[in-house]
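Peer 1: Sharing a structure here in structure tokens format.
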């Protein structure tokens, strides 16, 4: 086998590969085992280190970056750093975000005789073993000879499967020279600076397993089912975003005039201003007519929407499998039978090129349905004169989201934390694609504030508005320090209801209480930004107006003081349905 | 097999067992999968729930509680909670702290057909698999029939091995009735309210494996070696604390007059006011004559001190194995040979009862050695008139620790975070046993502030003084909110040097910088406590005096503004040695 020792080090090779995949920032906290790589990063001038307050924040920031950029990296030290990002890696796994965890580690030579080095937990590979459970691929770069191939392999796994991977770098390997085998050219070597190339990769089903007869059979069945249906609906799932298939799916929608819905996890994957957008399908929490429309459809085309509890409720699901075409990156199921050897990207292409006809568009009727049944629908509220601001009127969550919807522009990205921050945000109208971020299935509290960092750096053109409960803010809110340090300019809206509001509905107890902070004073501690106390409707209006007009380049935090039992309109809908069920 | 269905539920049985082991508080954040158990805890009135800001804080608080109480519990929800305490559990594993992780989980019936429930990462047992790598025992309580035995087993493992364990409770099991097998009486059923009973358990070596001949052989060899030595020293290790052997070891010390040292990890395991206490052995960072005394000893008796890098530096260690008796819970090694079937508690008893004679006490000479060679030794500084406070003189880390040593009383517990907070604290004189807490081997930043919560609740008689760098404070410092909410009264001293000070010595870069906060304003955000800005020696003196006199029941935070390149006296000693080595 011909091989060449390159003059490039393992660390520099990794930096180049990450840069080729569109990485411009990595997130982490320095520590001695990773310092060598940090030095290489600094010297490379290709990737900027964003050091966060805590590694947990770095993990969440990198996940947010990955969702927008197509790949994200958290880079931390051994165990005391790495084991703090286990939860954010698990979130990325559950919600299909291609997150790369790079961890420094003791050198291979240091590991001889198994000494009790600092940061070591049990065995030297304990951390790697942990990450094997929550990543799709992992590697300890213990050999410079094979490092280049290993790096290529694991990065490709992240890109292909849209799942996290783990790379551990023993500190004595980082400066060693890589070995290049000519027949194994580094993947994508010449495709620099284009993160979007990743949409071209179709890894889930290997080429040799694809079956053209299988494809033809499924396609015929699906097109027949769609053509003969009276009320088809497309459910746009999160994988459409992860695999960057939005434009193709829009093409299919425009070609066929089939209306579409998104789900909680896939909110904003397609623009909510599209005329064929019916609304969010969110089961009992959603608007009744959207729910009815989807559940009574005679042909549901679920595109990249895994059957998760938070989207489809699963005990049992009201989705009729007998009327469904269910397409994910893992398999294609029509009614009750499954096809395993079709690539779902190929299937989408085939549908676009099929003989499906343009249906009679009934946009006007759809508008009427939407309008009529969306009492308090923020979109329609915004476009008529029903909305009033009453001076001195105590602020409510419902009013907050109604007013906030006016402030959303084409350049806004909404980042919602878990609980009523998420539920309330579901009613907001997102103008463009992928301008809504939330841990909407894994439901990890504390994602929103650190996610601002990743989102803003991945797309500086956007202004983040983060909506976060006081409970979640007290988990990771200190990352506001990182936000201030790097001069990002989000609006952070703290739903201050003195604890875990949505949990009070399940079981009340003093464990739902937390200390009330004066959140508006936080900029004084940071020496940067603006704080607002919001107790009335007019104070909210004044604050949002002044932010838009004057403080657009500054971090702003709104301490919105809410009643303990207040809840969003979405949560009201849910509790109404539940109480009706109970009273029956 | 005779069995009885008890009328006690699985959850109540677990609460009773924990209560029997001395648990009065558990630390966590509520979430739906654990709410049932939280309700049982509230109704039991035996154990109080301390809800922290973030699960990470709960993990650290529970670890601190475990170190003082003999057992500690973090109680969290599935994955989004549990996976946030992986790092604190790893710390407990590395530093031998008996920490119990209780996690809620989806019910066993809910797991049928493997649905994608919220908070699920990959498989339903993913979280348990992760914890298997960092615990000594783990269980999913999936069967009420065996739950009681399983609970007994895993709790006993924590107590016996002084390591963390993992208990997962599917939410549909918690209210089911336990089954009691009469022949397997719950362990320690009648020994309520006495956490100290745990010192009586000798689990590491099973009774049947103990070998009396082996014991006699080792004892004869050890006593001969000690008796014929000229300069024996006892190194008191951390296991002496974990296995509660302090009184016995003091007995041996008093009987033989052999002087002792502690290490970085075992600081304060025996009182530092004991006349036979020579000082801390901390290698190049320590005081030179202590180092020389230990390294030139002709008989080193290392009691429960594992050969960890941070205590003994291991590349190679300067400890002479040919002159060592090395006793840990895992085995006993004399010189270069090992005895595997002796219990080290038994061996300590045997040494006490052996014919070892009382050596001629040379306390006066020891005092001279200590005094002479401890230039700037805080203990001696405190007892003479050399210490001066100069009005307007800029504060330094060295002066801070000198002054702080005057404020330590018999009721003080020092909690030191990682970095110069730890190094500087090593020179402080701790009056009583176990009144110093730090992640001194695993070195996880961010332990100190949450540890206050666990320490104060485990022993309310103590006033915690936490010393924490600004970098570590920005990781977990929001737990000051929990501290304020439960009216704990620590003094928190923030070493504000604008970033990761000790790391600058290794590699300087902008990644070592963090935003400077006005830490003294934090009490204004909380609505509780007092903040101080400390820029000069007299400001520190005034603050500490007023805290002692007036604010003893209040949370106090001192923002100590230090030079970027300032360092503690301990770190100066280390860098002096290193620079001498380099210049040779």
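Residue numbers (my numbering), protein chains in the order written: chain A, 23 to 606; chain B, 23 to 606.
Backbone N, C-alpha and C define an ideal beta-carbon position, used for all residues, glycine too.
#1: Nearest to residue 495 of chain A by CA position, among A:521, A:173, A:56, is which residue?
#2: Roughly how many whole angstroms lie between the Cα atoms of residue 358 of chain A and residue 321 of chain A?
#3: Would residue 434 of chain B be called buried (16 or more neighbouring beta carbons within 10 Å of its own) or exposed?
#4: With DSSP as the reference, label residue 98 of chain A as helix, strand or coil.
#5: How about the stretch 345-361 of chain B and the stretch 374-383 of chain B: do they share at least three Cβ pairs that are nearer than 8 angstroms?
#6: Which whole-angstrom value is the C-beta distance of residue 457 of chain A and residue 422 of chain A, which I expect to be below 8 angstroms?
#7: Please confirm if residue 585 of chain B has its CB atom under 8 angstroms from at least one CB of chain A.
#8: When DSSP labels each residue in this structure, what does residue 453 of chain A get in the three-state scheme?
#9: Provide the residue(s) that pair with residue 340 of chain B in DSSP beta bridges, ordered along the chain.
#10: Can we say the stretch 140-153 of chain B touches the stretch 100-109 of chain B, given the rule of at least three CB pairs closer than 8 angstroms?
#11: Cutting at 8 angstroms between CB atoms, please list the residues of its own chain near residue 554 of chain A, excluding the five before and the five after it.
#12: Would residue 575 of chain B count as contacting chain A if we go by Cβ distances under 8 angstroms?
#13: Identify whether residue 209 of chain A lies in helix, strand or coil by the three-state DSSP scheme.
#14: Would you tell me roughly how many angstroms separate the C-alpha atoms of residue 471 of chain B and residue 74 of chain A, rounded to the nearest one?
#15: In the structure shown, what three-state DSSP assignment does residue 602 of chain A receive?
#16: Please report how far the alpha carbon of residue 323 of chain B lies from the alpha carbon of residue 460 of chain B, in whole angstroms.
#17: Going by Cα to Cα distance, which pick from A:518, A:493, A:556 is closest to residue 533 of chain A?
#18: At the level of alpha carbons, what is the spacing between residue 124 of chain B and residue 325 of chain B?
#19: Buried or exposed, going by whether 16 or more other CB atoms sit within 10 Å of the CB of residue 113 of chain A?
#20: Alpha carbon to alpha carbon, how far is residue 372 of chain B from residue 241 of chain B? Give it in angstroms, no decimals.
#21: Going by DSSP, what residue range makes up the beta strand (DSSP E) through residue 73 of chain A?
#22: Could you pull the start and end residues of the beta strand (DSSP E) that residue 126 of chain B belongs to?
#23: For residue 142 of chain A, does the three-state DSSP call read helix, strand or coil?
#24: Contact between the stretch 62-70 of chain B and the stretch 61-81 of chain A is defined here as three or more beta-carbon pairs at a separation below 8 angstroms; is this criterion met?
#25: Span of the alpha helix (DSSP H) holding residue 472 of chain A?
#26: Distance cutoff 8 angstroms, beta carbons only. Does residue 151 of chain B sit that close to anything in chain A?
#27: Of all the options A:575, A:277, A:174, which has the alpha carbon lying nearest to the alpha carbon of residue 552 of chain A?
#28: Got a sec: which bits of the stretch 160-184 of chain B sit with their beta carbon under 9 angstroms from any beta carbon on chain A, in order along the chain?
#29: How big is the Cα-Cα spacing for residue 117 of chain A and residue 90 of chain A?
#30: Check whether the Cβ of residue 499 of chain A lies closer than 8 angstroms to any Cβ atom in chain B.
#31: Within the stretch 343-385 of chain B, note down every full beta strand (DSSP E) run reaching 3 residues or more, in order along the chain.
#32: Keeping to the same chain, check which residues put their C-beta closer than 6 angstroms to that of residue 473 of chain B; ignore five residues upstream and five downstream.
#33: Does the stretch 263-271 of chain B come close enough to the stretch 247-254 of chain B to have 3 or more Cβ pairs within less than 8 angstroms?
#34: Within 8 angstroms of any Cβ in chain B, is that where the Cβ of residue 438 of chain A sits?
#35: In chain order, what are the residue ranges of uninterrupted beta strand (DSSP E) at least 3 long that sit wholly in the stretch 496-564 of chain B?
#36: Can you look up residue 283 of chain A in the DSSP assignment and give me helix, strand or coil?
Peer 2: Quick answer:
#1: Selected option, being the one with the closest Cα: A:521.
#2: So the alpha carbons of these two residues sit roughly 14 angstroms apart.
#3: Residue 434 of chain B should be labelled buried.
#4: In this structure, residue 98 of chain A counts as strand in the three-state DSSP scheme.
#5: Judged by Cβ distances under 8 angstroms, the stretch 345-361 of chain B makes no contact with the stretch 374-383 of chain B, as fewer than three pairs qualify.
#6: Actually they are not in contact, since the Cβ atoms of residue 457 of chain A and residue 422 of chain A sit about 19 angstroms apart, beyond 8 angstroms.
#7: With its beta carbon at least 8 angstroms from every one in chain A, residue 585 of chain B lies outside the interface.
#8: Coil.
#9: Residue 340 of chain B pairs with nothing; no bridge assigned.
#10: Short answer: they touch.
#11: Cβ within range, chain order: 542, 561, 565, 578, 579, 580, 581.
#12: So no, residue 575 of chain B is outside the interface.
#13: With a pLDDT of 46 at residue 209 of chain A, under the threshold of 50, the modelled position of that residue is not reliable, and the figure given next carries that caveat. The answer is coil: DSSP assigns residue 209 of chain A none of H, G, I, E or B.
#14: It is roughly 18 angstroms from the alpha-carbon of residue 471 of chain B to the alpha-carbon of residue 74 of chain A.
#15: In the structure shown, residue 602 of chain A falls within a helical segment according to DSSP collapsed to helix, strand and coil.
#16: If I take the Cα positions, the gap works out to 24 angstroms.
#17: With distances taken between CA atoms, residue 533 of chain A lies nearest to A:493 out of A:518, A:493, A:556.
#18: Rounded to the nearest whole angstrom, the C-alpha separation of residue 124 of chain B and residue 325 of chain B is 32 angstroms.
#19: Buried, because 16 or more other Cβ atoms sit within 10 Å of the Cβ of residue 113 of chain A.
#20: Looking at the two C-alpha atoms, the distance is approximately 7 angstroms.
#21: For residue 73 of chain A, the uninterrupted beta strand (DSSP E) segment begins and ends at 70-73.
#22: For residue 126 of chain B, the uninterrupted beta strand (DSSP E) run begins and ends at 121-127, by DSSP.
#23: It is coil, neither helix nor strand.
#24: The stretch 62-70 of chain B is not in contact with the stretch 61-81 of chain A.
#25: Start and end: 470-480.
#26: By this cut-off, residue 151 of chain B is an interface position.
#27: The candidate whose alpha carbon is nearest that of residue 552 of chain A is A:575.
#28: Listed by position along the chain: nothing, the set is empty.
#29: Approximately 13 angstroms, taken between the alpha carbons.
#30: By this cut-off, residue 499 of chain A is an interface position.
#31: Counting only runs of 3 or more, we get 346-349, 354-356, 359-361.
#32: Result list for residue 473 of chain B: 82, 86, 437, 459, in chain order.
#33: Using a Cβ-Cβ distance cut-off of 8 angstroms, the stretch 263-271 of chain B and the stretch 247-254 of chain B are not in contact, since fewer than three pairs of beta carbons, one from each stretch, lie closer than that value.
#34: Not one beta carbon of chain B lies nearer than 8 angstroms to the beta carbon of residue 438 of chain A.
#35: Runs found: 513-518, 552-556.
#36: In this structure, residue 283 of chain A counts as strand in the three-state DSSP scheme.
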